[in-house]
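Enquirer: Below you will find the structure I want to go over with you.
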Amino acid sequence: MDDTMSLTPRADQDTPADQSGRHGGGGSRGGRGTDGRPRRRRVLRWSATVLAVVILGTAGAGYLYYQHLNGNLKKDDLNLGDAKDRAAESEANAAGQTPLNILLIGSDARDTEENQKLGGAKETFGGTPLADVQMLLHVSADRSNMSVVSMPRDTLVDIPKCTDPDSGDVYESRQRTMTNQSLGRGGPGCTVATWEKLTDIHIDHFMMIDFSGVVSMADAIGGVPVCVDKNIHSKDSQGHGSGLKLEKGTTYVKGEQALQWLRTRYGFEDGSDLARAKAQHQYMNSMVRELRKNAKLSNPNKLRKLAEAATNALTVDEGIGTVAKLYDLAGELKKVPTSRITMTTMPNQYVGSRVEPTEDATKLFRLVREDIALDGKDKKKTTEEKAPTDPAAADEEIAVQVQNGTRTDVLAPVSGRATTVAGLLVDKGFTRAVADSSTTPTADTTVVRYPSAELEGDAQRLAKALGIPTKAVEKSTDVSGVTLVVGADWREGTAYKAPKQDDRTPDTAEALNASDTKACMKVNDGFTW
Numbered sequence: 182m183d184d185t186m187s188l189t190p191r192a193d194q195d196t197p198a199d200q201s202g203r204h205g206g207g208g209s210r211g212g213r214g215t216d217g218r219p220r221r222r223r224v225l226r227w228s229a230t231v232l233a234v235v236i237l238g239t240a241g242a243g244y245l246y247y248q249h250l251n252g253n254l255k256k257d258d259l260n261l262g263d264a265k266d267r268a269a270e271s272e273a274n275a276a277g278q279t280p281l282n283i284l285l286i287g288s289d290a291r292d293t294e295e296n297q298k299l300g301g302a303k304e305t306f307g308g309t310p311l312a313d314v315q316m317l318l319h320v321s322a323d324r325s326n327m328s329v330v331s332m333p334r335d336t337l338v339d340i341p342k343c344t345d346p347d348s349g350d351v352y353e354s355r356q357r358t359m360t361n362q363s364l365g366r367g368g369p370g371c372t373v374a375t376w377e378k379l380t381d382i383h384i385d386h387f388m389m390i391d392f393s394g395v396v397s398m399a400d401a402i403g404g405v406p407v408c409v410d411k412n413i414h415s416k417d418s419q420g421h422g423s424g425l426k427l428e429k430g431t432t433y434v435k436g437e438q439a440l441q442w443l444r445t446r447y448g449f450e451d452g453s454d455l456a457r458a459k460a461q462h463q464y465m466n467s468m469v470r471e472l473r474k475n476a477k478l479s480n481p482n483k484l485r486k487l488a489e490a491a492t493n494a495l496t497v498d499e500g501i502g503t504v505a506k507l508y509d510l511a512g513e514l515k516k517v518p519t520s521r522i523t524m525t526t527m528p529n530q531y532v533g534s535r536v537e538p539t540e541d542a543t544k545l546f547r548l549v550r551e552d553i554a555l556d557g558k559d560k561k562k563t564t565e566e567k568a569p570t571d572p573a574a575a576d577e578e579i580a581v582q583v584q585n586g587t588r589t590d591v592l593a594p595v596s597g598r599a600t601t602v603a604g605l606l607v608d609k610g611f612t613r614a615v616a617d618s619s620t621t622p623t624a625d626t627t628v629v630r631y632p633s634a635e636l637e638g639d640a641q642r643l644a645k646a647l648g649i650p651t652k653a654v655e656k657s658t659d660v661s662g663v664t665l666v667v668g669a670d671w672r673e674g675t676a677y678k679a680p681k682q683d684d685r686t687p688d689t690a691e692a693l694n695a696s697d698t699k700a701c702m703k704v705n706d707g708f709t710w
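Numbering-wise (our numbering), the sequence shown opens with residue 182 and increments by one.
So, in structure tokens, the structure goes:
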């Protein structure tokens, strides 16, 4: 299978619950066409999406004079999952600032003649789209840093139930399914819902871009420097590969050559999608540096052409569905210094030919969720406890369910632990505490969960009584009342001792800083010339 194709057979795609066949037949929607009918635009490559965002911010207010650009933008719904399952919105910091989370999505489908000419696989024409590249871009609340997390396309995840807003087609939830299949289950909003379910990070916006937009925008920039440690030709004896051919060292790539770089996996390191993601990170970082240091985009004619290319290629959610809103968004991104942009890949492990998130992935998601910089350069933050909107009831009136979450990958759950801790709570005055043996969750750390705002005060009161940190109190639709999940960090003893928090980015995330000008892709010996 070459670099242009997905690892998943097309026959494996879902059909909607009502069997309308619209998606299975390749109907497309990425906004509304001039004939008024919904159509699913096929899109490709996160790199062009990021390129468009950065360009819109770099080019300046000149874009706002071109009102017709608004008509170029395609729009789609942000989240196709159930509203009750959405991750909680990010809380503001002491200065009233909130983080910004944008999901960048790319697809392997090529539904236009132009995209076919750029190397698209003809057998995918009209097929159900796959979100082969997914990256979460997180901008800190104070705009001091930016973190980007890539998820490999063949990651096994639980995809929630999604409803197509145009046709009403319902796609029931699926367990342990490749994440790239989410796009074909109603649209990009299902990919957003999948990310929120996995990470518990509230996503504010999404952006997608047409495959051919990579070429036009890369040309307008004038080239992006990339590096290989040996001569490379990405083509094997069976013809697999992107066709990329470069000499050892640094080369400025643009146009179709830039596209080849972004598609290449045969020839880079182990030839996997993980290696391709690393190459894409290098390209993105280099592109950001070029845009910020060069004046090549000061030419009004170049800016106009670039703006046309970007807006024609983009599909976005309604929240950023105008050029003015995109300009404002780009202004926020521009505030982040290049030296504070960190690219990472979700830590994972192979399960057969697929991958699944590891415990390090859970940690990485927590760091993003808690707005902790992945470059380790955050100043020590002072946490202000936010008072709940509904005050706590008296201890003896708070009903508490205690669950035993002490099981780990290597240790069995501690027998009777929920009953023991429930007894401790009764002794502390929480006389309505009872053990819940109906479920045995797994929790690395002890948490207090509550289902709705009116019980938040009760949950915080319980946590305070046990010495559980405020950050371990969380809203969850998985519980019906205040619930204490005794984690693997409290397998014994009567007093809870909160573990020291490790806020370092896991080494397995393979962090790459945007200011690193020495990054160079390793070339597999079988693809040199």
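Don't be surprised by glycine CBs; every beta carbon is placed ideally from N, CA and C.
Do D257 and G370 have their C-beta atoms within less than 8 angstroms of each other?
Expert: Your numbering for residue 257 matches position 76 in the sequence shown. Your numbering for residue 370 matches position 189 in the sequence shown. Result yes, Cβ atoms of D257 and G370 sit closer than 8 angstroms.
Enquirer: Taking DSSP as the reference, what is the three-state secondary structure of S661?
Expert: On the sequence shown, residue 661 is found 480 positions in, with the first residue counted as 1. If DSSP states are grouped into helix, strand and coil, S661 belongs with coil.
Enquirer: Who are the Cβ neighbours of K416 in its own chain at under 7 angstroms, not counting the five residues just before and after it?
Expert: Counting from one through the sequence shown, the residue named residue 416 turns up at place 235. G422 and G424.
Enquirer: Work out the CA separation of C408 and G430 for me, nearest whole Å.
Expert: Working through the sequence shown from its first residue, we reach residue 430 at position 249. Working through the sequence shown from its first residue, we reach residue 408 at position 227. Cα to Cα, G430 sits roughly 5 angstroms from C408.
Enquirer: Please report the distance separating the alpha-carbon of M359 from that of P346.
Expert: Residue 359 sits at position 178 when you count from the first residue of the sequence shown. Residue 346 sits at position 165 when you count from the first residue of the sequence shown. Looking at the two C-alpha atoms, the distance is approximately 23 angstroms.
Enquirer: Work out the CA separation of A374 and G512 for me, nearest whole Å.
Expert: For the purposes of this step, residue 512 is taken as residue 331 along the sequence shown, with counting starting at 1. For the purposes of this step, residue 374 is taken as residue 193 along the sequence shown, with counting starting at 1. Between G512 and A374, the C-alpha separation is close to 26 angstroms.
Enquirer: Do the segment 684 to 703 and the segment 524 to 538 make contact, defined as three or more Cβ pairs closer than 8 angstroms?
Expert: yes
Enquirer: Per DSSP, what kind of secondary structure is S520 in: helix, strand or coil?
Expert: Along the sequence shown, one-based indexing puts residue 520 at 339. Here S520 carries a helix assignment [DSSP, helix/strand/coil].
Enquirer: Where are the beta strand (DSSP E) runs, 3 residues long or more, that stay fully inside the segment 332 to 407, in chain order?
Expert: Note on the segment 332 to 407: whole beta strand (DSSP E) runs with a minimum of 3 residues are 337 to 340, 355 to 359 and 386 to 390, in chain order.
Enquirer: Does the Cβ of G308 have 16 or more other Cβ atoms within 10 Å, making it buried, or fewer, making it exposed?
Expert: If you number the sequence shown from 1, residue 308 lands on position 127. By the neighbour-count rule (16 or more Cβ atoms within 10 Å), G308 is buried.
Enquirer: For M702, which of D335, N412 and L545 has the nearest alpha-carbon?
Expert: Your numbering for residue 702 matches position 521 in the sequence shown. For M702, the nearest C-alpha among the options comes from N412.
Enquirer: Please work out which residues of its chain come closer than 8 angstroms, Cβ to Cβ, to L250, disregarding the five sequence neighbours upstream and downstream, and give them in chain order.
Expert: Along the sequence shown, one-based indexing puts residue 250 at 69. Counting only Cβ-Cβ distances below 8 angstroms, and skipping sequence neighbours, we find Y244, A488, E489, T492 and V504.
Enquirer: Are the beta-carbon atoms belonging to A574 and K609 less than 8 angstroms from one another?
Expert: In the sequence shown, residue 574 corresponds to position 393, counting from 1. In the sequence shown, residue 609 corresponds to position 428, counting from 1. For A574 and K609, no; Cβs fall outside 8 angstroms.
Enquirer: Looking at the strands, I want to know which residues DSSP matches up with G430.
Expert: Taking the sequence shown and counting its residues from 1, one reaches residue 430 at position 249. Per DSSP, V409.
Enquirer: Can the beta-carbon of S618 be found closer than 8 angstroms to that of A599?
Expert: Translated into the one-based positions of the sequence shown, residue 618 becomes position 437. Translated into the one-based positions of the sequence shown, residue 599 becomes position 418. Closer than 8 angstroms, so yes.
Enquirer: Do we get a CB-CB distance below 8 angstroms when we pair S534 with the residues of chain D?
Expert: This model lacks chain D altogether; it includes just one protein chain.
Enquirer: How would you call L592, buried or exposed, if buried means at least 16 neighbouring beta carbons within 10 angstroms?
Expert: The residue labelled residue 592 in the question sits at position 411 within the sequence shown. By the neighbour-count rule (16 or more Cβ atoms within 10 Å), L592 is not buried but exposed.
Enquirer: Select from A614, G638, R550 and W671 the residue whose C-alpha is nearest the C-alpha of N274.
Expert: By 1-based counting over the sequence shown, the position of residue 274 is 93. It is R550.
Enquirer: On a Cα-Cα basis, can you pick out the residue from A614, G252, L311 and D385 that is closest to R366?
Expert: By 1-based counting over the sequence shown, the position of residue 366 is 185. Per the Cα distances, L311.
Enquirer: Quick check on Q641: buried or exposed, where buried means 16 or more other Cβ atoms within 10 Å of its Cβ?
Expert: Residue mapping note: residue 641 aligns to position 460 of the sequence shown, counting from 1. Flag for Q641 reads buried.
Enquirer: Taking only the alpha-carbon atoms, compute the straight-line gap between K516 and M327 and give it to the nearest angstrom.
Expert: Working through the sequence shown from its first residue, we reach residue 516 at position 335. Working through the sequence shown from its first residue, we reach residue 327 at position 146. Distance between the alpha carbons of K516 and M327: 10 angstroms.
Enquirer: With a threshold of 16 other CB atoms inside 10 Å of the CB of K459, please say whether the residue is buried or exposed.
Expert: Here residue 459 is taken as the residue at index 278 of the sequence shown, counted from 1. Buried is the call here.
Enquirer: Measure the alpha-carbon distance for V660 versus T372 and round it to whole angstroms.
Expert: Counting from one through the sequence shown, the residue named residue 660 turns up at place 479. Counting from one through the sequence shown, the residue named residue 372 turns up at place 191. Rounded to the nearest angstrom, the two C-alpha atoms are 25 angstroms apart.
Enquirer: According to the Cβ coordinates, are N705 and G448 closer than 8 angstroms?
Expert: On the sequence shown, position 524 is the one that residue 705 refers to. On the sequence shown, position 267 is the one that residue 448 refers to. Going by C-beta atoms, N705 is nearer than 8 angstroms to G448.
Enquirer: Taking the CB atoms as reference points, tell me whether D582 and V615 lie closer together than 8 angstroms.
Expert: As a working note, residue 582 is residue 401 in the sequence shown. As a working note, residue 615 is residue 434 in the sequence shown. Per the sequence presented here, residue 582 reads as Gln, with Asp not at that position. Yes, they are a contact pair.
Enquirer: What's the gap between the Cα of L606 and the Cα of K681?
Expert: Looking up residue 606 in the sequence shown gives position 425. Looking up residue 681 in the sequence shown gives position 500. Inter-residue distance for L606 and K681 is about 24 angstroms (C-alpha atoms, whole angstroms).
Enquirer: Using a Cβ-Cβ cutoff of less than 7 angstroms, which residues in the same chain neighbour D711 once the five nearest sequence positions on both sides are dropped?
Expert: Past the boundaries of the shown model lies residue 711; the chain is included only from 182 to 710, so the question cannot be answered.
Enquirer: Identify whether T709 lies in helix, strand or coil by the three-state DSSP scheme.
Expert: Within the sequence shown, residue 709 is the residue found at index 528, counting from 1. Of the three classes helix, strand and coil, the one that applies to T709 here is coil, per DSSP.
Enquirer: Please state the DSSP three-state secondary structure of R630.
Expert: The residue labelled residue 630 in the question sits at position 449 within the sequence shown. It is a strand residue.
Enquirer: Whole-angstrom Cβ separation of L254 and V469, contact assumed at under 8 angstroms?
Expert: Residue mapping note: residue 254 aligns to position 73 of the sequence shown, counting from 1. Residue mapping note: residue 469 aligns to position 288 of the sequence shown, counting from 1. Going by Cβ atoms, the distance from L254 to V469 rounds to 23 angstroms, so no, they are not a contact pair.
Enquirer: Going by Cα to Cα distance, which pick from R630, R672, R324 and D683 is closest to L665?
Expert: Stepping through the sequence shown from its first residue, residue 665 is reached at position 484. Answer by Cα proximity: R630.
Enquirer: Just reading off the beta strand (DSSP E) that H319 is part of, what are its end residues?
Expert: Counted from its first residue, the sequence shown places residue 319 at position 138. Unbroken beta strand (DSSP E) run through H319: V314 to V320.
Enquirer: What are the partner residues of L285, as DSSP defines its beta bridges?
Expert: Against the sequence shown, residue 285 aligns to sequence position 104. Paired residues: M316 and M388.
Enquirer: When you compare only the Cα positions, how much space is there between R223 and S288?
Expert: Mapped onto the sequence shown, residue 223 falls at position 42. Mapped onto the sequence shown, residue 288 falls at position 107. With a pLDDT of 38 at R223, under the threshold of 50, the modelled position of that residue is not reliable, and the figure given next carries that caveat. If I take the Cα positions, the gap works out to 6 angstroms.
Enquirer: Quick check on the DSSP output: the alpha helix (DSSP H) that includes K256 runs from which residue to which?
Expert: Position 75 of the sequence shown, counting from 1, holds the residue named residue 256. Per DSSP, K256 belongs to no alpha helix (DSSP H); it is in the beta strand (DSSP E), K255 to D257.
Enquirer: Grouping DSSP H, G and I as helix and E and B as strand, with all else coil, what is M141?
Expert: Not covered by the structure: residue 141. The range shown for the chain is 182 to 710.
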